[in-house]
Every structure is written in C-alpha cells, then in structure tokens.
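Notes for the one structure printed next.
Protein chains: 2
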Amino acid sequence: MDKKINADSCNCTIIHEDVVNKVKKDMPKEEKLYDLADLFKVLGDSTRVRILSALFHAEMCVCDIAALLNMNQSAISHQLRVLKQSRLVKNRRDGKVVYYSLDDEHVKSIFDQGLIHINEKD
Amino acid sequence: MDKKINADSCNCTIIHEDVVNKVKKDMPKEEKLYDLADLFKVLGDSTRVRILSALFHAEMCVCDIAALLNMNQSAISHQLRVLKQSRLVKNRRDGKVVYYSLDDEHVKSIFDQGLIHINEKD
DNA sequence: ATAACATATGAACAGTTATTCAGATGTTCA
DNA sequence: TGAACATCTGAATAACTGTTCATATGTTAT
Chain A
1 MDKKINADSC NCTIIHEDVV NKVKKDMPKE EKLYDLADLF KVLGDSTRVR
51 ILSALFHAEM CVCDIAALLN MNQSAISHQL RVLKQSRLVK NRRDGKVVYY
101 SLDDEHVKSI FDQGLIHINE KD
Chain B
1 MDKKINADSC NCTIIHEDVV NKVKKDMPKE EKLYDLADLF KVLGDSTRVR
51 ILSALFHAEM CVCDIAALLN MNQSAISHQL RVLKQSRLVK NRRDGKVVYY
101 SLDDEHVKSI FDQGLIHINE KD
C-alpha cells in the first residue's frame with residue numbers, strides 16, 4: 001500500500017521515482033531477502049564450503065572430515081552445527097560415531113552455478 | 001599423487017581411511033572451493049542481496065538504490081564496489097549519473113535455488 | 001565402574017567487515 | 001569559473017565470526 005519513497009536518510013534527491021516504485025513493487029519481501037543473505041552467509045566460509053563439497057560424495061563422520069580438511073575436530077564440529085542449524089546437513093549416530101550427510105538437494109545446484117560464475121570470470 | 005592423509009593436526013584417529021581417500025580424490029580443487037566461498041561471502045550480506053535483487057528488475061543509479069533501500073549513498077557505493085569487484089554488477093556513466101546493472105546471468109538462478117531452500121525449510 | 005574414544009560445547013582471542021563521517025573527484029550548466 | 005549535484009574514497013568505529021583451548025557429554029568394551 002505504502003509505495004512512498006523515504007528519502008530522508010539517503011541524502012539524495014530521487015532521480016527516477018518511477019523506476020524506484022516499480023522495483024519496490026516487484027522485489028521479494030524484505031524478510032525473504034534477509035533469509036537469503038543468511039543462507040549465503042553460511043555458505044560464505046571456506047571450511048563450510050569444503051565440508052559440503054565433501055558430503056556431496058559421501059556420508060562422513062566428524063573425524064574423517066577433520067582429517068580430510070586437516071583441521072582439528074572441534075573446529076569441524078562447530079561448523080557442522082552451523083550447517084545443521086541451516087538445515088544443510090543432517091546427522092545420525094551409530095555408537096560413538098556421528099555421521100553427517102547432506103540435507104538439501106538444492107545446495108549442489110547452487111554450488112554448480114557458483115562455479116560456473118567463477119570459471120567464466122577469470 | 002599424494003593421497004596420504006595427514007592426521008597430525010586433527011587429533012583424531014582416522015576411522016574410514018578409504019572414504020576419506022575417495023572423497024579427497026573426487027573433490028574439486030581446493031582453490032576453486034576457496035573462490036566459491038568468496039563468492040558466497042559477497043552474497044552473504046543483506047544490503048548486497050537487496051541491491052542485486054533490485055537490479056534483477058531494472059538498471060538503477062546509486063541514488064535510486066539508496067532511496068529504495070533507505071540507506072545513505074555512501075554505504076551503497078561501498079557495496080556496489082564490492083559487487084563490481086566480484087563481477088556481479090557492471091556500470092555505465094551518463095553525465096553525472098552512474099547506472100548499475102547485473103553482469104551475471106547465473107546469480108538469478110543461484111538466488112532462486114536459495115529461495116527454494118528457504119521456503120522448504122520452515 | 002572405569003578407561004578409551006568420538007563428539008559437543010562455552011569462553012576467549014584475533015581477524016574481518018559494514019556503516020558512518022568527512023571530504024575528494026568528476027560532470028553539468030549558468 | 002564556480003555552484004550544484006552524483007558519486008567515490010579513506011579512516012574510524014562497532015559488531016560479528018572462525019578457530020583454539022579446555023572441558024563436558026555420551027557411548028562402547030573390558
């Protein structure tokens with residue numbers, strides 16, 4: 001309903017009010033965009049990217065991942081928690097060992113698109 | 001060539017050496033994964049996500065974006081620079097005004113996949 | 001029950017980053 | 001040339017985040 005542009009805090013005169021109003025109408029809900037940024041924030045760490053990339057190929061336990069990435073167990077465990085909170089991985093316990101695996105089919109395609117971008121721009 | 005697992009720094013005994021070796025072989029090059037994380041790092045900020053989301057719908061100048069997002073011009077300018085360095089946006093100057101637009105077709109599909117993930121998990 | 005092992009967790013520290021502020025640069029027009 | 005405006009930039013600050021360390025939890029086997 002309220003399509004009025006608030007120019008108080010941007011210290012600019014608005015140049016193209018029509019464009020701004022149109023875009024404002026067409027954009028997704030603010031909340032969704034914040035959630036999206038939060039998702040990318042989770043993906044925006046090399047340790048977590050490497051963990052996910054590993055889990056694309058096999059279910060793995062914490063120690064295996066730590067050995068693979070040459071990092072200590074605690075660091076991996078902390079990051080797995082972050083990934084789990086974002087529902088990107090899930091786990092199952094088998095005795096002492098906890099196995100982690102992917103909990104999302106879309107991450108793979110997000111990664112693939114990202115890699116295409118990278119490979120095109122260098 | 002060197003598929004030996006370095007377990008020195010992970011303070012774990014390796015449980016499934018076969019799995020670790022297989023995954024190590026199948027994973028993309030380390031460097032690509034770091035680049036990928038860097039890309040997601042750029043996408044992992046709500047201001048930048050909102051800017052890109054706006055640019056999906058129209059080319060816009062800095063002032064317009066600032067007004068749309070209700071932020072000051074300097075903050076937007078700083079973020080546009082980050083987006084440009086990652087080749088996600090490009091710009092053209094028309095007199096005093098600088099117009100920004102998307103410089104990547106893949107970002108849209110990365111966003112779409114991300115939104116699917118978000119919408120499924122709540 | 002206790003030792004051994006895999007994993008999880010909380011606190012602390014170091015490094016990174018987004019925004020703000022002040023001012024610089026570049027362009028247009030009178 | 002100088003005023004007005006759009007944009008850019010560097011420094012400073014405040015907030016956030018990843019890793020490490022020490023320790024806790026949970027499971028198995030003796």
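Chains A and B are the protein sequences, given in the same order. Take the first sequence: its position 37, counted from the start at 1, is 37 in the working numbering, and no numbers get skipped. Take the second sequence: its position 91, counted from the start at 1, is 91 in the working numbering, and no numbers get skipped. Every residue, glycine too, gets a C-beta built ideally from N, C-alpha and C. Remember, it's a predicted structure, so these values are computed and weren't measured experimentally.
>> Any beta carbon of chain B sitting closer than 8 Å to that of Lys29/A?
In response: no
>> Would Phe56/B and Gly114/A be called neighbours here (beta carbons separated by less than 8 Å)?
In response: Not a contact, by the Cβ cut-off of 8 Å.
>> Quick check on the DSSP output: what are the complete beta strand (DSSP E) runs of length 3 or more inside the segment 8 to 91 of chain B, in order along the chain?
In response: Taken in chain order, the whole beta strand (DSSP E) runs of length 3 or more contained in the segment 8 to 91 of chain B number zero.
>> Contact criterion: CB-CB distance below 8 Å. Does Met1/B meet it with respect to chain A?
In response: Reliability fails at Met1/B, whose pLDDT of 28 lies under 50, so the model's placement of it is uncertain and no value is given.
> Taking a cut of 7 Å between CB atoms, which residues from the segment 41 to 58 of chain B lie near chain A?
Replying inline: Lys41, Leu43, Gly44, Asp45, Ser46, Val49, Arg50, Ser53, Ala54, His57, Ala58
> DSSP on Asp199/B, reduced to helix/strand/coil?
Replying inline: Missing from the structure shown is residue 199/B; chain B here goes from 1 to 122 and no further.
> What does DSSP give as the partner residues of Asp94/A in its beta bridges?
Replying inline: Val97/A
> Candidates Tyr34/A, Leu68/A, Glu59/A: which alpha carbon is nearest Asn21/B's?
Replying inline: Leu68/A
>> Between the alpha carbons of Glu59/B and Lys108/A, how many angstroms are there, rounded?
In response: 30 Å
> Using CA coordinates, which residue listed in Ile118/B, Ala37/B, Thr13/B, Asp94/B is at the minimum distance from Arg50/A?
Replying inline: Ala37/B
> How big is the Cα-Cα spacing for Tyr99/B and Arg93/B?
Replying inline: 6 Å
>> Give me the subset of the segment 85 to 103 of chain A whose CB atoms are less than 7 Å from a CB atom of chain B, sorted by chain position.
In response: Arg87, Val97
> By the criterion of Cβ-Cβ separation under 7 Å, what are the contact partners of Val19/A in chain B?
Replying inline: Ala58, Met60, Asp64
>> Rounded to the nearest angstrom, what separates Gly95/B and Val82/B at their Cα positions?
In response: Separation of Gly95/B and Val82/B (C-alpha to C-alpha, rounded to the nearest whole angstrom) is 23 Å.
> At a Cβ threshold of 8 Å, is Val82/B touching chain A?
Replying inline: no
>> For Leu88/A and Ile15/A, I'd like the C-alpha separation in whole angstroms.
In response: 42 Å
>> Taking the straight line between their C-alpha atoms, what separation do you get for Asp103/B and Asp18/B?
In response: 43 Å
> Residues of chain B with CB under 7 Å from Ser77/A, in chain order?
Replying inline: Neighbours of Ser77/A on chain B: none; closest Cβ ~11 Å, over 7 Å.
>> Short of 8 Å in beta carbon distance, which residues of its chain neighbour Ser53/A, apart from the five on each side in sequence? Order them along the chain.
In response: Phe111
>> So Leu43/B and Gly44/A are supposed to be a Cβ contact under 8 Å. How far apart are they, rounded?
In response: 7 Å
> Hey, how far is the Cα of Val62/A from the Cα of Asn119/B?
Replying inline: 29 Å
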